[in-house]
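Report on the following structure.
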Amino acid sequence: MFVTSHSHVTDPALANRLWTLYETAYLHMADQSPSHEMLFREEFDDSLREPTNRIWVLWDDDAPVAMGLIATDIAHTRYLSRNFFDGRFPDHARRGAIHYIMLLVVHPVYAARGAIIRIAREVLQREAADGALLVFDAPEVHQAGPGGGFAEMMDRAAKAFVGEAPVHHLGTSYYFAVDLAAIGEVDASEPAGIPARQHR
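Going by the numbering used here, the letters in the sequence shown line up with residues 1 to 200, in that order.
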């Protein structure tokens, strides 16, 4: 297996092969998260073409089996608040060193073969050379709380490949739904699923 790095990918054949990998890697997530974790195809292609993005691909012979994409200019993404990071990490912001892991995917067949670690090594070494604040997020299926999960994997990978660096928990999102079709079916004094301490 070997890793290639790319930027400004405009070759339709390569884009199609990477999209197939991306779709396959996310297929198991479709019924595990309330959030549509995948990019739409047009967003995916735009991300590949964006010249400020860095792309790494792990190949097994001529098949792409893992991929990472880092946005090096968060102004070109719709996922992060520039004001938040400018205020909390002003030095990184001044240096243009707030980068975002937009995606890190592995073909399910290669998940147990260390593919994600091979990609993580390449990504972390390049990002460490920039002194970047490398931002990432993860759905609950991969990150049940502030500890463990993907955050712990990134912490261990950083220690192994570039040195000890703090992993900051920046925030958490929750999804709720009001079931208006069930009006009158529950005790209105204690809304289902919402802990009492959160009531106003």
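Think of the CB as a built atom: it goes at the ideal place given N, C-alpha and C, for glycine as much as any other residue. Since this is a predicted model, take the numbers as computed values, not measurements.
When you compare the CB positions of L124 and A157, do they come within less than 8 angstroms of one another, or not? Going by C-beta atoms, L124 is nearer than 8 angstroms to A157.
When the distance is taken between beta carbons, is V135 closer than 8 angstroms to I98? Yes, these two residues count as a Cβ contact at 8 angstroms.
State the start and end residues of the unbroken beta strand (DSSP E) segment that holds V105. 98-106
Determine the direct distance from the alpha carbon of A151 to that of D160, and round the result to whole angstroms. In the sequence as displayed, the identity of residue 160 is Ala instead of Asp. Cα-Cα distance, rounded: 14 angstroms.
Using the rule of at least 16 other Cβ atoms within 10 Å of the residue's Cβ for burial, across every protein chain shown, is F40 buried or exposed? exposed
Backbone secondary structure at S7 - three-state DSSP: coil
Just mark V16 as buried or exposed, buried being the case when its beta carbon has 16 or more other beta carbons within 10 Å. According to the sequence as given, residue 16 is Asn; it is not Val. With fewer than 16 Cβ atoms within 10 Å of its Cβ, N16 is classed as exposed.
What alpha helix (DSSP H) runs, 4 residues minimum, are completely inside the region 25-60? The qualifying runs are 41-49.
Cut-off 7 angstroms between Cβ atoms - residues of its own chain near H76, not counting five sequence neighbours on either side: E50, T52
Here's the rule: buried if 16 or more other CB atoms are within 10 angstroms of the residue's CB, otherwise exposed. What is E164? exposed
Where does E127 land, buried or exposed, given buried means 16+ other C-beta within 10 angstroms? Counting Cβ neighbours within 10 Å, E127 comes out buried, since at least 16 surround it.
By a C-beta neighbour count over all protein chains shown, 10 Å radius and 16 as the cutoff for buried, is H199 buried or exposed? Below a pLDDT of 50, predicted positions are generally treated as unreliable, and H199, at 42, falls in that range; no measurement from the model is reported.
Would the beta-carbon of T72 fall within 8 angstroms of that of R54? With respect to the 8 angstroms criterion, T72 and R54 are classified as neighbours on the basis of their beta carbons.
Please list, in chain order, all residues of the same chain as L103 whose beta carbon is under 6 angstroms from its beta carbon, the five residues on each side excluded. L69
Between the C-alpha atoms of M1 and F85, what's the straight-line distance to the nearest angstrom? M1 and F85: Cα-Cα distance of roughly 36 angstroms.
Bounding residues of the beta strand (DSSP E) (the contiguous stretch that carries L133): Where L133 is concerned, the enclosing beta strand (DSSP E) stretches over 133-135.
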